[in-house]
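Below: the structure, in structure tokens.
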Amino acid sequence: MPPPRPLYSCSSPSSSSPFSLILRCLVTVVLLLLSSGVQGQGRLKLTVLSEDRLQMKWKEADGPVQGYKVRVKPISDVPQPELMLTTTRGRATVAGLDPGQEYALQVLVLNGTLERLLAKRRFTIEGLREEELIRSGGREHRNKKVLPGGSSSSGGSGDMDDVTEALLGLPTVLYQDPTPAMTPTTTPATTTTTAAAATEPAVPPTVSAVRPPDGPTEKPQKDKRKRKKEKDMRGRSKADNSQDEQRTTQDKPRKTLPTQPVTGGSTRRPFECDSDAAADVVLLVDGSWSIGRTNFRRVRDFLEGLVTPFHIGPGHIQFALTQYSGDPRTEWQLNNFTTKEQLLEAVRNFRYKGGNTFTGQALIHVMEENMRAESGARSDTPLFLVLLTDGKSQDDAVAAAQRLKNAGVEIMAVGVKNADEAELRQVASEPLDLNVYNVNDFPLLSKLVARLVHILCGKIQDRSIAKRMEPRPTVDPVLSYPSPTDLRFSGLGSREVRLHWTTGLASLAVQQYRVVFHSSEGQSPQEVVVPGSASSVLLTGLSSQTLYHVSIFPVYEDNVGLALRGTVTTLPLATPEDLEVTPSSPSSLRVSWGAAAGASQYMILYSALSHGEPDDAKEVKFGADQTVVELGGLAPATDYSVTLYALYDEDPSDPVTAIATTFPLPPPLSVQFPMVTHSMLRVSWVPGAGDVPGHRVVCSTNHGSDVKQVEVTGVNSVLVQNLSSLSRYLVSVQSRYPHGLSAPLTGNVTTLRVPSPSDLRVTNFSGSDITVHWEAAADDVVSYLIKWISLSGGDLRQLRVSGDSEGALLEGVEDDKEYQISLSALYADGAQSEAVAIRYSTLSGGGPSSVSISDETAVSLLVSWVPPNAHVLQYRVSHTALTGAQDAPESTVLVAGSERRVELQSLLPDTRYSVLVTAEYRNREGGSGAAQGKTTSLRVSSVSVVRSDHSSICVSWRPVSAVNAYRLVIQSVKDKQQKEEMVDESSSSHCFTHLEAETVYRISVHSRLGSAEGAAVSILHPTAAAPARIPTHARMHPIHNEVCPEVTIRNSIVKGFDMMEAFGLTQRAHSSVDGVAAEPFVFNTLPTYTLYRDVQLTQSTRFIHPAGFSPEHTISIAFRMLQETPREPFALWQLTDNDFQPKMGVVLDPTTKHLVYFSLDYRGEVQELTFDQTEVHKLFYGSFHKIHLSVSQVSVSLSVDCQRVAERPARPLGAVPTDGFEMLGKLVKTRGPNSGSAPFQLQSFEIVCNITWSSEDTCCDLPGLRDEESCPAPAYACTCSSSVPGAPGPVGPLGRPGPRGEKGEKGEQGHKGELGPSGSTGSGGGLGPLGSRGPRGMTVQGKVGPPGATGQKGEPGKPGVQGIPGLLGPNGEEGVPGPKGIRGAEGSMGPPGTTGPRGFQGMPGHPGPSGERGYLGPVGPTGLSGNKGERGEKGEPQSMAVIYQMVTQACEQLVHNEVLKLDLFLNEISRKPVPIEEPVGPPGEPGIPGGKGAPGLRGNQGRVGARGRPGKGGYPGEQGRRGPLGDKGVPGTNIHGPPGIKGFAGTSGESKLGDPGPKGEDGSSGPDGVPGHAGQAGEIGPPGVCDSSAGCQTVPQQTDPDDPYYGYQP
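What follows is the structure, encoded as structure tokens:
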């Protein structure tokens, strides 16, 4: 069957005219020109994947680039969205394209901030498909002239579309003959194929083998040149072949493959590999569970299509099949089937195995089972293995595959679906682009069959041709012209490598060696020629990290031997090490690294990271000697990616990347509010740096309705004005730098409520006018509102004056009436201050009000009051002591009428006084006001005995402030004799001496202030028993019966005790003491005594310390611990009572190496003080040491070897028992007189009665610490007057053997010895420690993951802010209590009168700040406090003013109907303003005072009643004429009487103030108030929860930003 005609051809059939021939050729040329546009300026290649998907590839730009940007823009009159994506590789895929739409494509190179056009083209999907069909037709014609390896391959997934399927049919595949030259008319261009370079079969363009990701794409023309060059080289090497062999190959006919037409109308004939070559093919099929039975049927179909085109038989192709999973299973061996029908039947019917994926085990199985001769394997036949798997191997498949490849097996790997492409590339043989395939799913295997059959057929034919080209056995050039062997490499670097080889044994000498090498990237070969005597060569000028193919040809005189070949990969260029990027300032980063050997310079690319993606990079280069640089001009608090390259000339090394963050701009350190008022706020802060140019201060309310922003320069505080009162402000302070603003430092503060006017007073009363004056409330007061009303009834009148006024004239005032006058300030923001109120009586006879007592001392009280009016002539202030004698006299002080206070002096301490202030007028006596106060106490406290003995007692007490002196009295309980002493006010202790022993004394302490004396505080304490005289031991010197006798210690006379003498440890007396031995003192200035085990030297305390211990003393002991000293605690010295219970001593603990001092304190308790310092540890090392324990009344300090070590606080020493015993070396765990002691050596032991002995004493008696220059000469030192030695003395008697000496002290460190012989090699060390953490990798923004699972339901939110109160309800039978307002200050007390009916519930106010003590007045009835209202919304000031007005009108109406008296009136209280955290609500206006009842009929003078009988305590009545002074009655009970009729004040009761009465009942509810207008809705409150104590701050809700790269898949 003749091959079909090409789709486009210029050949002329016999029936065509010349014109049609020219037209047809012209069309062909145009279409070929169109098809050349696929490359797009030689850089761009487009491949249609489907109807709407397009793959584009381009040649990557030279030099370092950051990436590529691809823009696909529709060309249309109607605006359409443009597609833009970025990638780092030279390929991209776009989807969703319209097949008929024309697009403009641009590929741009990204480098920093620069974009450079790399390639561009306009296209449509339909046009590209047509061009592809045209090229397919042209390729069908051209393929008649090329070998199967002539087509190029490109990377892809192996997924074949319609275009690829159309391109699979290659019309004719011709294999070249080995003839060097042929005419074009007989055969196409040919290439000689040898074993060294086999022709690769054809590869369709779109179904391709997997290439390395960044490998360059070689063009077919380059392949042709390469093959031609290899042909020429091989032709030269075959020059010695016989002419018969050449003639035979020239006459060999060409093998052709059946063609497959490309056009749709042609019928495609199945491809058959009609080669007569023989080959063994093993099919290794994955049968794991992941494939599934459905897909396994597709696997059978794939295998059936794979084996069908081949000739099956023992002389042709043999197929074996092994299925593997957990364990491999051979389905049939190579020699099982001899016909194609048998093989196909087996393929269709072998069973699915199932299991895991152990590819490595299966490969070993093939080598051990299928490659044996008994299995059909032929030793002279090439063996191929086709691996089909769908997943990653669960064992080591790479090592097993390498064994097969070493055995000469060529492996082709086919991956499906989830196969690991990297593993396939390691398993398969070279070249990988022909032996590795990967498809996305099992249905696509059917499209891969044709390609795989072509390639496998071509490989089998190549192996057959190579075998035929092998020389005949009779001619063995290897023997005649041997090649070098044993290729080795050394000195491998990034730019060079040294080759070594072993020369062959030949009869002919090698003239020279030609070393040819080239990189695997297709560079032109380079050649180095070395003499035949050489066996190594250094290759230089190589590229780093590149695979090089090396061939070494031996050149003989008349021939060239076979080459020794090998490959070597150069090392990568050395990269900088230890890259460290640290911030140095908000605008700079410090970059340091370890130098890279051989680098010519360094290059740094750095860019800011926004949302994890780098911004435009900046490039900077540095010299090779710089390894520490500073990158400046950066943004503060920004992540930067820093990439470092080492440059070798122009070649960069692998990059090293680190990420660091610049410091943020320093914010202010602290913010404070030193001044807060109702409208101003001073903000102070501490700058975060020393050179801050300026600051920005922003004050805003939580709801943002009031915002104030201030910019300041050069200052650290600012005054913010025009704020709203009682508003919570969030204050933020930011430092302003040239680079921007720092993070804000915030704080919360609440402005104060508006201040009230103060010092409201009446300055003149003339006719019917009252003149009032006051002190201004603030500078921003708009106006003042003055209200006044008569308490006996009348209309409420008010007057408004300007804010600049400080006085006003109140008109229409009547005589003989008492008025309530209130004053409040109004401000611009609508706020109204708390009202201040006073009472003024136009009746000449009113008394003072608000009598109060303050500034109490032990002998004085300060009495103050509010004058009733301006007509008082003088005040009579009387005071009487309420505690003490019943007939305490009354004292009176007269004060001028203009005064408002008086200080009462010469009072008794700790005494309560009743004070009565009476106003006197010119012609009569006015009313009175009373109060009570108490002077402070002069009584001392905490009197205790700190020390006592048989003749003295020392006491201490807690001092009292503001006294002059203390009087101390001690009295004997036995004979009542007493002593009295005075000490000044600075003293807090005193000692009484010369007391009688064993006597109980009463000690009393009085404090005095002038002539006043506080009550006594007394205690009882006995003195100790007097010390008894004990007889002096015959062998010891007598010890005086004194607390501290004088003794001589080392030539110094001090007060204390020589304890060595007391225990008989002297040269004269030690021989009579059992268990003690005197040691030679050759090196010591003092003799040393050894106390042996269980000696337990014991002495009576009465003998050593008959008078007790001095409260302050120093214990000094020089001792040495021995080798036999037990490892348990023992007491160097201890003092016990007569029951052997330890009361005082020094203990050494060798186990813990601690020193413990214990003693009996003044409370009779044993206190222990432990010293565990490092200096204490050396006491236990076996040398002589000296310790000093300085015991004072407050502490105990320790010195070791005359060096102060530590000090511990201690209680004063108590009375130590003298009827006990003192012991040396006593074991702590034992008790009794002979219970055991520890052996040690004692050199000196004394107790000195001062605490300075540790600094006066020396350590000259210690050999190791003796300084010959400063220490005196030892007592045993002698001088010789003559240098002539005297005559020898007589020989003395032989002495007895002395005791065994103690172990010597540790000697000094010796000199370093000579180097010894080397030891034997030690055993191998263990595993080393874990290495340091590697450098941080570069952060790369990954693709956006799928949405996460729905989170669990959150916890309930915290309670919100208190809601707003509801609107005022309509009129009802009982009014709803109003919201609680700010509590007003305590008002002045009204004049005494009969108890009226209980008033209505007033508007409760917010508790005001505590002020000065008010004037005491009679207690009126008090209603119950209302419930705390909820926090209301902040409304407009106008609406609050309307509410105030409505309440005022309601109150005025009630005044006319009911006679009542208000309990509390707001009064001005001066207090320094402080910020408050959160207001409960706006301040309420003070209630309108109730009207005073109409005056009753004035009674006759005589109706006052007899003064002799005291009446019950009540409110003062009407002031009558002063009657005779009656007897003082008992205090009356303060019980409220029944409501009386409206009348004038009743008769005055006794002026003594009674006890406070019980709390009154709740008043009846008043009539409903006028309903207020509904307030406008307030602003939205801040979100809760809000802790008012810590401040509130609104946190903005965090929302995830949109990802601009969502859905992008390059």
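Residue numbers (the numbering used here): 10 to 1619.
All C-beta atoms, glycine included, are put in the ideal place defined by N, C-alpha and C.
Every value quoted in this text rests on a predicted model; they were computed, and no experiment measured them.
- Q1143 is classed as buried because its beta carbon has at least 16 other beta carbons within 10 Å across all chains shown.
- At least 8 Å separates the beta-carbon of F1139 from that of F1230.
- Segment contact: the segment 577-594 against the segment 495-507, three or more CB-CB distances shorter than 8 Å; contact assigned.
- When the five nearest sequence neighbours on each side are left out, the beta carbons in the same chain lying within less than 6 Å of the beta carbon of F1254 are those of M1068, M1069, I1126, in order along the chain.
- For the pair T901 and D958, the CB atoms are not nearer than the 8 Å cut-off.
- Nearest to T366 by alpha-carbon distance, out of L396, D86, W510, is L396.
- Around D1170, the same chain offers Q1176, R1220, P1221, L1222, G1223 as residues with beta carbons nearer than 7 Å, after the five sequence neighbours per side are excluded.
- In the assembly as shown, R1017 is a buried residue. Its beta-carbon has 16 or more other beta-carbons within 10 Å.
- DSSP places C466 within a helical segment (H, G or I) once states are collapsed to three.
- In this structure, the beta-carbon distance from S552 to A286 does not fall below 8 Å.
- Straight-line spacing of the CA atoms in T97 and V290 works out to 41 Å.
- Under the DSSP definition of a beta bridge, R737 partners with T759.
- Under the Cβ criterion (8 Å, minimum of three pairs), the segment 746-753 does not count as touching the segment 718-735.
- Beta-bridge annotation (DSSP): H1194 is paired with F1128.
- Here K78 is bridged, per DSSP, to T95, L117.
- Per DSSP, H1186 is one residue of the alpha helix (DSSP H) stretching across 1183-1186.
- Contact check for L454 against R307 passes: the beta carbons are separated by less than 8 Å.
- For the pair I326 and A288, the CB atoms are nearer than the 8 Å cut-off.
- Within its own chain, the residues whose Cβ lies closer than 6 Å to the Cβ of K630, once the five positions on either side in sequence are excluded, are Q610, M612, listed in chain order.
- Distances from the alpha-carbon of F359 to those of T348, E934, E340, V375 put E340 closest.
- The C-beta of I84 has fewer than 16 other C-beta atoms within 10 Å across all chains shown, which makes the residue exposed.
- Non-local C-beta neighbours of P108 in its own chain, meaning closer than 6 Å and more than five positions away in sequence, comprise E60, I134, E135, ordered along the chain.
- Taking each of E843, V771, I779, P766 in turn and checking the Cα distance to D813, the smallest one comes out for P766.
- Under DSSP, M65 forms a beta bridge with L55, A101.
- Rounded to whole angstroms, the separation of the alpha carbons of G541 and A518 is 8 Å.
- For the pair S593 and F672, the Cα-to-Cα distance works out to about 7 Å.
- 8 Å or more divides the Cβ of V763 from the Cβ of V771.
- L728 carries a strand assignment under DSSP once its states are collapsed to helix, strand and coil.
- Contact annotation: the segment 1173-1187 does not touch the segment 1244-1252, with fewer than three C-beta pairs closer than 8 Å.
- DSSP lists I962 as the bridge partner or partners of F1001.
- In the DSSP annotation of this structure, the continuous segment of the beta strand (DSSP E) that includes I1062 starts and ends at 1061-1067.
- Under the three-state reduction of DSSP, N344 is assigned to coil, being neither helix nor strand.
- The residues L1100, V1104, Q1105, L1106, F1139, A1140, L1141, S1246, A1247, P1248, F1249, in chain order, have a CB closer than 8 Å to that of G1234 in the same chain once the five nearest residues on each side in sequence are set aside.
- Annotated three-state conformation of F1072 is coil, per DSSP.
- Take the alpha-carbon of G1019 and the one of T944: they are about 15 Å apart.
- If you look at E432, you'll find it in the alpha helix (DSSP H) that goes 430-436.
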